[in-house]
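> One structure coming up, written as structure tokens, with questions to follow.
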Amino acid sequence: MPLPDSVCLTAARNKKTMSMMKTHGWESNQFGPDPSYAGLYDGPFGPSNSVMSVADDPLALLFYFLPPKLWRQIAVESNRYHRQSIPSRVRSMRSQQRRNGGEDEELEDIRSRLASVVDIEPWEVLRVVALLIARMLMPIRKGIAAHWSTKQVGALPTNRFDLFMGKNRFFHIMGYLHFSNNKSPQASIDRAWKIRPVVDVLQRTFGRGYQTPPIISFDEATLPSCSRFNPMRQFNKDKPHKWGGGEGFRCGVCEDSVLLEVRLW
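Using UniProt numbering, you'd call the opening residue of the sequence shown number 1 and step up by one each time.
Structure, rendered in structure tokens:
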């Protein structure tokens, strides 16, 4: 049965009780059944058989939630964005050459040079993400380019990233990394269009990998946004990142919280 309001208020006013809950949490499985929710789902829930079959293989688990088709699509869209950017890049590089007082290249020569860059491959996108994760785990404060430095940086080994990808190639992929087509009509009406393919895949794979339990919780969060191309921000004064985009999360309540769904707004 639900607790009376008087009991809830008494607990909320007890600083010692609230402090203990803040430190040690509470047992979610100690809540009794609520008769007001008749017919509540009582079937099996938890990780599906399909995800458990790859649970012991980290790479297979990665491709379960982010399948190879997604990585191929990211490579296609990144190459598309590179081709779309060539005209503006040509004009920008020509202007830069004139400002520097150097020898001017012909526009067609600059265009040919940019168009001759080797297409981005899906495995390269995957490797870039792996290097970003490696940097997150062991960052060099001087900047990401320092991971290719041949000079000693503290106790860290030098030039480790070059074993996996050249610096120029890494920054080329980072500069043109795209998940969707900027020229699509959807880009003007879908605020999450730039990441829509990734979000849609995760919605599908999350649902495939975990059967929703009878008790779920909802929450919202704000992801920080620093984009120069979309100045719109949402302000949430109580969030760690006060300016950004709003997201809703649906989580399963079990021994460990499991993210089931993400909604962007």
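Note that the Cβ used here is the ideal one computed from N, Cα and C, for glycine as well. Quantities reported herein were computed from a predicted structural model and do not represent experimental measurements.
Leaving out five residues on either side along the sequence, give the residues of the same chain with a beta carbon under 7 Å from the beta carbon of V54.
A60, L61, Y64
> To the nearest angstrom, report how far apart V198 and G101 are at their CA atoms.
44 Å
> What are the complete alpha helix (DSSP H) segments, minimum 4 residues, inside the segment 130-197?
If only complete runs of 4 or more residues are kept, the segment 130-197 shows the alpha helix (DSSP H) at 167-176, in order along the chain.
> For G209 versus V51, is the C-beta distance shorter than 8 Å?
For G209 and V51, yes; Cβs fall inside 8 Å.
> Decide yes or no for the touch test of the segment 182-201 against the segment 65-74: beta carbon pairs closer than 8 Å, at least 3 of them.
yes
> Would you decide whether L137 is buried or exposed? Buried here means 16 or more other CB atoms lie within 10 Å of its CB.
exposed
> I need the DSSP call for R41, collapsed to helix, strand or coil.
Per the sequence shown, residue 41 should be read as Tyr rather than Arg. When DSSP states are grouped into helix, strand and coil, Y41 belongs to the coil group.
> With burial defined as no fewer than 16 other Cβ atoms inside 10 Å of the residue's Cβ, what is the status of E108: buried or exposed?
exposed
> On the premise that P213 lies in contact with F45, defined as a C-beta separation below 8 Å, what is that separation, rounded to the nearest angstrom?
4 Å
> Does DSSP classify S217 as helix, strand or coil?
DSSP places S217 in strand when its eight states are reduced to three.
> Indicate the three-state DSSP secondary structure (helix, strand or coil) for C254 in the structure shown.
Interpretation of C254 is limited by its pLDDT of 48, a score under 50 that renders its predicted location unreliable; the figure taken from the coordinates is listed afterwards. Coil, per DSSP.
> Which of the three DSSP states, helix, strand or coil, is assigned to P67?
coil
> Is it a yes or a no for the segment 181-195 touching the segment 163-173, going by three-plus beta-carbon pairs under 8 Å?
Taking a cut-off of 8 Å on C-beta distances, the segment 181-195 does not touch the segment 163-173, as fewer than three cross pairs fall below it.
> Whole angstroms is fine: what's the gap from S95's alpha carbon to D190's?
34 Å
> What does a CB cutoff of less than 8 Å around K16 pick up in its chain, not counting 5 residues either side in sequence?
none
> Kindly indicate the opening and closing residues of the alpha helix (DSSP H) around T17.
15-24
> Take T150 and list the residues in its own chain whose beta-carbon comes closer than 7 Å to its own, dropping the five residues that flank it on each side.
T158, N159
> Given Q97, which residues of its chain have a CB within under 8 Å of its CB, disregarding the five upstream and five downstream residues?
Excluding residues up to 5 positions away in sequence, E103, D104, E105 lie with their Cβ nearer than 8 Å to the Cβ of Q97 in the same chain.
> If you count every other CB in all the chains shown that lies within 10 Å of the CB of F161, and 16 or more means buried, which is it?
buried
> State the beta-bridge partners of P47 as determined by DSSP.
Beta-bridge annotation (DSSP): P47 is paired with Y210.
> Taking only the alpha-carbon atoms, compute the straight-line gap between A12 and S48 and give it to the nearest angstrom.
A direct Cα-to-Cα measurement between A12 and S48 gives close to 38 Å.
> Taking only the alpha-carbon atoms, compute the straight-line gap between R111 and Y81 and give it to the nearest angstrom.
15 Å
> So what does DSSP say about D200, is it helix, strand or coil?
helix
> Alpha carbon to alpha carbon, how far is I144 from G167? Give it in angstroms, no decimals.
Looking at the sequence shown, residue 167 is not Gly but Lys. So the alpha carbons of these two residues sit roughly 10 Å apart.
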